[in-house]
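The next block holds one structure in the form of structure tokens; read it before the comments.
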Amino acid sequence: MKNVMSNKFVITLYTLPALLLILVLIYIPITLSGYYGLMDWDGIGEMKFIGLENYVTLVQDKVFWTSTWHSFQLAIFSAVSLLLYLGISLVLASKIKGSDLLRKIYLIPMLLSSVAIAQLWMKIFDPNNGMANRLLEIFGVENTPLWLADPEIALYSIFIPVIWQYAGFYILIYYAALKNVPDEVIEAAKIDGANALQIAFRIKLPLISGIFKVTIMLAVVGSLKYFDLIYVMTGGGPNGASEVMASYMYKEAFKLNNFGYGSALGFGLLVICLVMTWLTSKLTKSNDDVQF
Amino acid sequence: MSKVSTQPVTTNLSVPKTTKKSYLNKIGFGFLYLILGAFAIIQIYPLIWLVFFSLKTNQEVFGMSPFSLPQDPNWENYTRAWTSGNIGLYFFNSVWITILSVVLTTILASLVTFAVTRMHWKLSGLVLGLFLVAYMIPLHSTIIPLFNMYNNVNLIDSPVSIVLSYTTFNLPLTIMILLGFYRTFPREIEEAAVMDGCSVHRIFFQITLPMTVPVLSTTAIINMIYNWNEFVFVNTFISSDKWKTLTVGINNFVGQYLTDWGAIGATLVISIIPILLTFLFLSNKIVEGMAAGSVKG
Amino acid sequence: MLKKKAVTAALSLALMGGLVLGGCSSSSSKSEDTSKSSGDKTVVKMMHLWPEGSAKAQYTIVDDIIKTYEKEHPDIDIQTEILGNEQYKEKIKVLSASNELPDIGITWAAGYMKPFVEGNMFAPLDDIVQEDKFVAGTLDAFSVDQKPYAIPLELNIAPVYYNKEIFKKYDLEVPKTYDEFLKVVKTLSDNDVTPITVGNKDRWTGSMWYMYLADRIGGPETLNNAINRTGSFEDPALVKAAEEITKLVDMDAFVKGFNGLSNDEAKGYFMNEQAAMYIMGTWELPNYTTSPDVDQKFKDKVGYFKFPAYEGGKGNIDSFVGGPGVALFASEQSKVKDEAKQFISYLVDEWGKRSVVEAGVIPATTVDTSGSDLAQMYIDILNDLGNATNITLYADVQMSAGVADVHLNQIQALFGGQSTPKEFTKAQEEALASEK
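Protein chains in written order, with our numbering: chain A, 307 to 598; chain B, 352 to 648; chain C, 1326 to 1761.
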């Protein structure tokens, strides 16, 4: 039996195409990018080799560490938000009336492109005509917040659409995972007298814990390299208050003519992602983990 | 493969046992639906907003409350969106590039995930690690080297560069999601098949793939949405009109000093329709596939 | 099924093979066929940023000019690639990093252009420029060591647009002096009308306000000298200008939440008559004159005035913030450089004849308005432009990208109250000083 499932030729045939693609189109470019990180280069003229200078600058760069901290916070918020989405998915998957329709509606925002989402939320956050403040005014709030314009809260304001944008993504995954739990198992539990909550916590959740861990990883890494909405909606401002790692990197490389430094920042981002992933996997590791 | 369809077991959570419990249950459910309904409104509102947005003039778009309806529905936005630039052509390109990339990604990712989780080999951990790390690489770090590489092989301004990039950059994410599911799928059937002397290819294509249809639909939806809305690759690698896609078409309306927001809204609405329909179709597959799959489990 | 998979695998392997091998071997043969002749025609590649959807007038003019030129020069084939503003900038970065700039493209002035010139990417255009045709000073912004490297297509100044009806309602006169201006602001804000809208998320918008105050208080040279390092950014006049900004902010002169509003959003307040005043470049004029999308009733309400004089200040009211906008460059690496230059020269000439009348864009070449049927506001602006004592180029354009970023961030911080006037000037002085 082992022979069939460890056929070297088949393994190569199955993995090589995908492997070659990522090696050529992702790993070679990132290696080159790391090499640019050793250069003083504005992306226009000649490159000048400066060794590790960019990386030394990076370690001492306050803006980099502030934006790293901002990205960390986004990662934490995103990871916590997963619990909410998991809860919603549990309800949706438990065959209550209308769950089919609700599920479809919940996934709609994820279909929208960032352009649309950014426009929508900029309208919501508009301090004078915006929906958020209109609502607050109805409830009698007088000093309505400035949202994206206030350096104290700009970062958190922008987290809302970023996290909201991914609701559909995670609900979709959790829903599929929960539907994947065989009905027989649930039936058996019912016969044993388990109630809905017990089924959810004792049976369903443990069964999808593997997928939950994957989504934590996706949320953490995805947040650390997140860029789109933040760049469009605040541009990292006001005065750097909502700068995150990826927007800072983009700005240095593509806007400020520091392509060498921008590449070094990209590499720094990768290293931080690696460390965080390792930490996350340590934190979420448990004994009942399915190992391979 | 013979399809065994079963009636999904109806498990209604609110089976009333005593009157007191049923009363409580009702309140609980009412509250639950209130929350679910509120959340549904939040989630569907953007779509409605977008339709209103697409019917407004530039002047109305800004300054007015986002609640407001367009004063005089400006259907011209749609005419303008459709006639200036080659939206029809962009649309067609978006469709085939998205479909091709989604198919390639899901097949390649399934093959890898199968090999990694079901087959026995020493380097599987390393290969998996490579895909994991690839997910962490920021896209903008790769864009200039990628441009150079494609340029060297004359793939700049060719849709091949776009399909290759989409396929590749979605592989890590797709593999990770598949991985989460493959680990929970029972292996008994496959093991039984091995005992019966099935070849690996047969096991993969006739047992594993059909069993994973729900997950494949999930990843297909995610891939489709990403590819459909992707922008950076097309903008960088494509220069002639004939290969551009809808997202780039939207930028036709972003000018040096003036942006035609109405037309952008109209283009966004046009571009969301096919993806919405496909999504609704695939989203049913998740449930159907499950019903079919669970029988074998 | 098996076959299908085998085909997929084989196909992707083949693609990969081509990619890897190609990467090593064929790098020499590529650019010949892309930028040299197709058939017997010489191909000139041009990139610009006027898509049909958002800049139809400009698009049409360029398209017309190209068609006429190709008719007159049957051996030339001009191929255009058109992108939106932001996308254009991003793509140019990628192209220049890969040494693949188009034969003809668009550039911005001074700080933006300089690295390209230093990197030997742009061809000098002194052989095709006829200096006497251009408004004095416009070529300077595109010259390095007295040689022009790009030819400007636009010239803009930034007046203060105002809503006549709102002014009338509160009995306000167009302010001639800064004190009068402050009174206008006070009256409006006392009556809960937003005096000024500014989309300071984009930062260069707030910079215009600061620049005007710096100009009126310290005269045109003070800011320029600070930037070109013959002076200091901690000059008392520049500190004073920053203090005036803080004062305006404290008076609630600017729209609520200005630091979070983009220019487009802020403009909405003016266009919807929710704010009385708005400083912006003359590229806005079509919205107040010819644009068919804007209600005529609103257009009639819009007027403009020059930024008022500051008592005791060194600047005068006829000095403007502004400058040439975009310009055309020819790539130094181009294989068809001469053809490209010839076309640029032709395009600039034709553009100058048509841009104001057809697109409402004031060209950098001198305009003869006598025969044409221009809106009154254009005629007034062109007159003011003719009588201008000075045009100060936007500060962020004068500066190199890195310093400009500090300047712009500080503008946001000053408006937002995170930087005091002293900190504001100090940060910029440090950035400027550390540059060389």
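For every residue, glycine included, the Cβ atom is placed at its ideal position computed from N, Cα and C.
No experiment lies behind these values; they were computed from the predicted model shown.
task: On a CA-only basis, which of I1453(C), Y1474(C), G1462(C) is nearest E1443(C)? Give me that one, please.
output: As a first step, residue 1443(C) is located in the third sequence; it is residue number 118 there, counting from the start. Cα-wise, what sits closest to E1443(C) is Y1474(C).
Alpha carbon to alpha carbon, what distance is there between A1726(C) and T1522(C)?
On the third sequence, residue 1522(C) is found 197 positions in, with the first residue counted as 1. On the third sequence, residue 1726(C) is found 401 positions in, with the first residue counted as 1. Looking at the two C-alpha atoms, the distance is approximately 26 Å.
query = Bridge partners of P1769(C), per DSSP?
reply = Missing from the structure shown is residue 1769(C); chain C here goes from 1326 to 1761 and no further.
Next item on the list: Can you grab the Cα-Cα spacing for the pair Y567(A) / K368(A), in whole Å?
Entry: Within the first sequence, numbered from 1, the residue matching residue 567(A) stands at position 261. Within the first sequence, numbered from 1, the residue matching residue 368(A) stands at position 62. When rounded, the distance between both Cα atoms is 14 Å.
Start and end of the beta strand (DSSP E) containing M1602(C)? The residue labelled residue 1602(C) in the question sits at position 277 within the third sequence. 1600-1604 is the extent of the beta strand (DSSP E) around M1602(C).
Q. Under 7 Å between the Cβ atoms of S274(A) and D534(A)?
A. Any question about residue 274(A) goes unanswered here, given that chain A covers just 307 to 598.
Review point. In terms of residues, what are the limits of the alpha helix (DSSP H) holding D406(A)?
Key: For the purposes of this step, residue 406(A) is taken as residue 100 along the first sequence, with counting starting at 1. Element bounds for D406(A): 405-412.
task = May I ask which residues mark the beginning and end of the alpha helix (DSSP H) holding M1372(C)?
result = Numbered from 1 along the third sequence, position 47 holds the residue referred to as residue 1372(C). It is not in any alpha helix (DSSP H) - M1372(C) instead sits in the beta strand (DSSP E) that spans 1367-1373.
- Task: Determine whether the Cβ of S1421(C) lies closer than 7 Å to any Cβ atom of chain A.
- Result: Counted from its first residue, the third sequence places residue 1421(C) at position 96. Interface residue, yes.
- request: Give me whichever residues DSSP pairs with N1597(C) in a beta bridge.
  value: Counted from its first residue, the third sequence places residue 1597(C) at position 272. Answer is none; N1597(C) lacks a bridge partner.
Quiz item: So does the segment 1740-1753 of chain C actually touch the segment 1449-1461 of chain C, counting three or more Cβ pairs closer than 8 Å?
Solution: no
Exercise. Give the secondary structure of A1566(C) by DSSP, where H, G and I count as helix, E and B as strand, and everything else as coil.
Key: Taking the first residue of the third sequence as position 1, residue 1566(C) is located at position 241. A1566(C): helix per DSSP, three-state reduction.
key: Proximal residues of chain A, C-beta to C-beta of V1580(C) below 9 Å   = On the third sequence, position 255 is the one that residue 1580(C) refers to. Under the 9 Å cutoff, chain A gives P433, N434.
R413(B) touches chain C at which residues, Cβ-Cβ below 8 Å?
Against the second sequence, residue 413(B) aligns to sequence position 62. Rather than Arg, the amino acid found at residue 413(B) in this sequence is Phe. Here the neighbours are D1589, E1590, K1592, G1593, Y1594, M1596, N1597.
Burial state of L319(A), where buried means 16 or more other Cβ atoms lie within 10 Å
The residue you call residue 319(A) lines up with position 13 of the first sequence. Under this definition L319(A) is a buried residue.
- prompt: Under a CB-based cut-off of 7 Å, is T450(A) close to chain B?
  reply: As a working note, residue 450(A) is residue 144 in the first sequence. Taking Cβ atoms only, chain B never reaches closer than 7 Å to T450(A), which makes this a no.
Note to self: Please classify R1541(C) as buried or exposed, where buried requires at least 16 neighbouring CB atoms within 10 angstroms.
What the structure shows: Walking along the third sequence from the start, residue 1541(C) turns up at place 216. Classification for R1541(C): buried.
8 Å Cβ cut-off: residues of chain C touching A422(A) | On the first sequence, residue 422(A) is found 116 positions in, with the first residue counted as 1. Going along chain C, no residue has its Cβ under 8 Å from A422(A), so there is no contact; the nearest lies around 15 Å.
### Message
So, with DSSP's three-state summary, where would you put I1431(C)?
### Response
Locating residue 1431(C) in the third sequence gives position 106, counting from the first residue. Here I1431(C) sits in strand by DSSP.
Report task. Go ahead and label T1393(C) buried or exposed: buried means 16 or more other beta carbons lie within 10 angstroms of its beta carbon, across all protein chains shown. Result -> Numbered from 1 along the third sequence, position 68 holds the residue referred to as residue 1393(C). Burial call: exposed.
Does the beta-carbon distance from M1446(C) to E1657(C) come in below 7 Å?
-> Here residue 1446(C) refers to the residue found at position 121 when the third sequence is read from its first residue. Here residue 1657(C) refers to the residue found at position 332 when the third sequence is read from its first residue. Yes. Within cutoff.
TODO: Measure from the C-beta of A614(B) to each C-beta in chain C and report whether the shortest distance is under 7 Å.
DONE: The count along the second sequence starts at 1 and reaches residue 614(B) at position 263. By this cut-off, A614(B) is an interface position.
Return the CA-CA distance between K1592(C) and F413(B), expressed in angstroms with no decimal places.
The residue labelled residue 1592(C) in the question sits at position 267 within the third sequence. The residue labelled residue 413(B) in the question sits at position 62 within the second sequence. The alpha-carbon atoms of K1592(C) and F413(B) are separated by roughly 8 Å.
ask   = Just how far apart, CA to CA, sit K354(A) and L338(A)?
value = Counting from 1 along the first sequence, the entry for residue 354(A) is found at position 48. Counting from 1 along the first sequence, the entry for residue 338(A) is found at position 32. Rounded to the nearest angstrom, the two C-alpha atoms are 15 Å apart.
Using a Cβ-Cβ cutoff of less than 7 Å, which residues in the same chain neighbour N439(A) once the five nearest sequence positions on both sides are dropped? Residue mapping note: residue 439(A) aligns to position 133 of the first sequence, counting from 1. Within the same chain, N439(A) has close Cβ partners P433, T450.
- request: Specify, as a first and last residue, the run of the beta strand (DSSP E) that P1520(C) falls within.
  value: Here the question's residue 1520(C) lines up with position 195 in the third sequence. Segment 1519-1521, the beta strand (DSSP E) holding P1520(C).
*Pick out whichever of Y333(A), S463(A), L407(A) has its Cα sitting closest to the Cα of G1585(C).*
Residue mapping note: residue 1585(C) aligns to position 260 of the third sequence, counting from 1. It is S463(A).
Exercise for the section: Can you say whether M546(B) is buried or exposed, counting buried as having 16 or more other CB atoms within 10 angstroms of its CB? Expected result: Here residue 546(B) refers to the residue found at position 195 of the second sequence. Exposed, because fewer than 16 other Cβ atoms sit within 10 Å of the Cβ of M546(B).
| said: Across the segment 373-392 of chain B and the segment 564-579 of chain A, are there enough close Cβ pairs to call them in contact, namely three or more that are closer than 8 Å? | reply: no
Report the three-state DSSP secondary structure of T1385(C) (helix, strand or coil). Position 60 of the third sequence, counting from 1, holds the residue named residue 1385(C). Three-state DSSP puts T1385(C) in a helix.
Note down, in chain order, every chain B residue with its Cβ under 7 Å from the Cβ of I317(A).
-> For this step, residue 317(A) is matched to residue 11 along the first sequence. Neighbours of I317(A) on chain B, chain order: A466, M470, W472.
query: Is I637(B) near P565(B), with beta carbons less than 7 Å apart?
result: In the second sequence, residue 637(B) corresponds to position 286, counting from 1. In the second sequence, residue 565(B) corresponds to position 214, counting from 1. Closer than 7 Å, so yes.
*Near V1400(C), what residues of its chain come up, given a Cβ to Cβ distance below 8 Å and the 5 sequence neighbours on each side ignored?*
Start at 1 with the first residue of the third sequence, and residue 1400(C) comes out as number 75. The sequence given here places Asp at residue 1400(C); Val does not occur at that position. Result list for D1400(C): D1365, K1366, T1367, in chain order.
What residues from chain B crowd round N486(A), counting only those whose CB sits closer than 7 Å?
By 1-based counting over the first sequence, the position of residue 486(A) is 180. Ordered by position in chain B, the residues that pass the 7 Å Cβ test against N486(A) are F532, T535, P565, M641.
Would you say S1379(C) lies against chain B (beta-carbon separation less than 7 Å)?
Counting from one through the third sequence, the residue named residue 1379(C) turns up at place 54. Interface residue, yes.
For a contact defined as C-beta to C-beta under 8 Å, what are the partners of V463(B) on chain A? Taking the second sequence and counting its residues from 1, the one referred to as residue 463(B) is at position 112. Within chain A, the residues near V463(B) are Y320, T321, A324, L325.
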